[in-house]
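Numbering (our numbering), first residue to last: 5 to 384.
A virtual CB, placed ideally from N, CA and C, is assigned to each residue, including glycine.
Note that the structure is a prediction, hence the values are computed from the model and not measured.
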Amino acid sequence: MKVLAIQTSFSINSGGGRADYEILSELAYLGHDVKVVMPHTNRLNVSLPPGITRDFVYARGLLFPQSLGMVAFPSILRIAYKFQPDIIRDHSPYSYGLMSLLLGKLLSIPVVGMIYHHDEDMPGHKFVEKYLLDRYDHVITISRYSKNVLNSLVPSLSDKLDYIYCGVRPSFSSVKRNTLNWRMNFGISEDEPLFLSSGVLTHRKNHEFLLDVMHLWSKMGRPGKLIITGEGQLLSRLKNKVSALNLEDRVFFVGYQTEQDLVNIMSDSIAFLFPSKMEGFGLAPLEAMSCGTPVIVSDRGALPEVVTDQANGFVLPIDQGPELWVRAMDMLVNDSGLQESLVMASEGLREKFSWQKSGRETADLYKKIVHKHTYSASSL
Numbered sequence: 005m006k007v008l009a010i011q012t013s014f015s016i017n018s019g020g021g022r023a024d025y026e027i028l029s030e031l032a033y034l035g036h037d038v039k040v041v042m043p044h045t046n047r048l049n050v051s052l053p054p055g056i057t058r059d060f061v062y063a064r065g066l067l068f069p070q071s072l073g074m075v076a077f078p079s080i081l082r083i084a085y086k087f088q089p090d091i092i093r094d095h096s097p098y099s100y101g102l103m104s105l106l107l108g109k110l111l112s113i114p115v116v117g118m119i120y121h122h123d124e125d126m127p128g129h130k131f132v133e134k135y136l137l138d139r140y141d142h143v144i145t146i147s148r149y150s151k152n153v154l155n156s157l158v159p160s161l162s163d164k165l166d167y168i169y170c171g172v173r174p175s176f177s178s179v180k181r182n183t184l185n186w187r188m189n190f191g192i193s194e195d196e197p198l199f200l201s202s203g204v205l206t207h208r209k210n211h212e213f214l215l216d217v218m219h220l221w222s223k224m225g226r227p228g229k230l231i232i233t234g235e236g237q238l239l240s241r242l243k244n245k246v247s248a249l250n251l252e253d254r255v256f257f258v259g260y261q262t263e264q265d266l267v268n269i270m271s272d273s274i275a276f277l278f279p280s281k282m283e284g285f286g287l288a289p290l291e292a293m294s295c296g297t298p299v300i301v302s303d304r305g306a307l308p309e310v311v312t313d314q315a316n317g318f319v320l321p322i323d324q325g326p327e328l329w330v331r332a333m334d335m336l337v338n339d340s341g342l343q344e345s346l347v348m349a350s351e352g353l354r355e356k357f358s359w360q361k362s363g364r365e366t367a368d369l370y371k372k373i374v375h376k377h378t379y380s381a382s383s384l
């Protein structure tokens, strides 16, 4: 099967970018011919999955040349005619909808749209949902929650809407504490309890709530530091709040980390804190649990599909103040037995959430879509 993937990049700093990388890698590993088309401006930031070919397309004249739009359509059409794909994989109908659908129409092949989460703040989302989504041959999302949201927005999608869970890399596994030396880089003592949060610094990730949690934790005289990885538009605002709350010696913004460094920090943390306002899946908490780190997450979006409250982590509200979060943190710091039980309960997650499983399910679904499209075309 030949798959043409219309892509932005494979950013390891976004869940969607990492998911694209893993899924396309698995498709190539299974023997499928995968070609990726992406903007020329992203060529220096691309680490291509093994076994995949790519074409970079110029997108001059666009407000955001790191993306693709109709101005790039002639170039992509030439690539597609030469490649002769069996199916088109659209990384985001909200970004490439018109172009992907027109491409599929001209080539007479099915188009599959990937939606990682519904974002009401995305410009033009109502137009896409009202006029474009139902024109896709199939739409795939990454959780039962996301599927239900899309189904409520576009009821006519119900028969061609599926979800396939994300997975976790084998590299996300517990590291022995005596192999860790990263603390000295931040001047953190060996016996200081650590909490970690990871994600792009945006309103959706809700880091301001996390600072309120640490403020209460500090006022109660509890020991511990909070490490926040990632970057984003709210960095200055969050740093200002840290200063206003006198948390400069408690909260560290360390930017994006390499995968190995992130694994080291996860493995060395008492808990991973994730108070997101909405998640289409919950990849970061899954990675933390795979490193043997208990997690405390919000009860929003698809997070309860990954974390089960009081079984393999804590699932808590974010609209009732920070007290419940502080209580859960206190329990983890003072009860090693609770820590161990949560870690043991998380050990089976690799079987449920693996990229190999995601890749096989994606390939099987693509084959069904291609077969259905071919049969429908031959019946006309």
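Query, Result
"Alpha carbon of Val-153 to alpha carbon of His-129, nearest angstrom", "13 Å"
"Val-246 and Phe-276 closer than 9 Å at C-beta", "no"
"Integer Cβ distance of Lys-164 from Asp-195, believed to fall under 8 Å", "Between Asp-195 and Lys-164 the Cβ distance is about 55 Å, and since that is not below 8 Å, they are no contact."
"Cβ contact (3+ pairs, closer than 8 Å) linking the region 348–362 and the region 27–40", "yes"
"Start-to-end residues for the beta strand (DSSP E) that takes in Leu-320", "318–320"
"Rounded C-alpha distance that separates Val-217 from Ser-201", "12 Å"
"Spatial distance of Gly-341 from Ser-177 (CA atoms)", "20 Å"
"Touching by the beta-carbon criterion (3+ pairs, under 8 Å), the region 250–262 and the region 369–379", "no"
"Beta-carbon spacing of Tyr-149, Gly-284 below 9 Å", "yes"
"Segment contact flag, the region 167–177 with the region 202–212, C-beta cutoff 8 Å, min 3 pairs", "no"
"Exposure label - Lys-180; buried when at least 16 CB within 10 Å", "exposed"
"Every unbroken beta strand (DSSP E) inside the region 155–234 [3 residues or more]", "165–167, 198–202, 229–233"
"Integer Cβ distance of Val-337 from Met-224, believed to fall under 8 Å", "No, Val-337 and Met-224 are not in contact; Cβ-Cβ is about 11 Å, not under 8 Å."
"The beta strand (DSSP E) enclosing Arg-58, as first and last residue numbers", "57–61"
"C-alpha distance - Pro-289 paired with Leu-346, whole-angstrom precision", "13 Å"
"Of the residues Thr-145, Ser-160, Ile-146, Gly-101, the one placed nearest Phe-131, counting alpha carbons only", "Gly-101"
"Counterpart residues of Thr-145 in DSSP-defined beta bridges", "Tyr-167"
"Close-in-space but distant-in-sequence residues of the same chain around Pro-321 (CB under 8 Å, 5 per side omitted)", "Ser-302, Asp-303, Leu-328"
"Bridge partners - Phe-276, DSSP secondary structure assignment", "Leu-200, Val-299"
"Proximity of Lys-6 and Phe-87 at Cβ, strictly below 9 Å", "yes"
"CA-to-CA distance, Thr-378 to Gly-234, given in whole angstroms", "44 Å"
"Spatial distance of Leu-67 from Gln-11 (CA atoms)", "Summary for Leu-67: the model assigns pLDDT 43, below 50, so the residue's position carries little reliability, and this model does not support an answer."
"Alpha carbon of Ile-56 to alpha carbon of Leu-220, nearest angstrom", "49 Å"
"Option nearest Met-270 by Cα separation, candidates His-121, Arg-226, Arg-187", "Arg-187"
"Sub-9 Å separation of Ala-349 and Thr-297 beta-carbons", "no"
"Residue(s) in a DSSP beta bridge with Val-115", "Ile-92"
"N-terminal and C-terminal residue of the beta strand (DSSP E) that Gly-236 is part of", "Gly-236 -> no beta strand (DSSP E), and no H or E assigned at all."
"Assigned secondary structure, Trp-326 (DSSP; H/G/I helix, E/B strand, else coil)", "Reading off the sequence, residue 326 comes out as Pro, not Trp. Correct three-state label for Pro-326: coil."
"Nearest to Met-333 (by Cα), restricted to the options Val-115, Ser-79, Val-116, Leu-198", "Leu-198"
"CB contact flag (Met-126, His-95, <9 Å)", "no"
"N-terminal and C-terminal residue of the beta strand (DSSP E) that Ala-315 is part of", "That residue, Ala-315, is in no beta strand (DSSP E); it is neither H nor E in DSSP."
"Buried versus exposed call for Met-74 [16 or more other C-beta atoms within 10 Å across all chains shown]", "exposed"
"Spatial distance of Leu-161 from Cys-295 (CA atoms)", "37 Å"
"Buried or exposed (CB count within 10 angstroms, at least 16 for buried), Thr-145", "buried"
"DSSP bridge partner residues for Phe-77 (one or two, in chain order)", "Paired residue(s): none; Phe-77 is not in a bridge."
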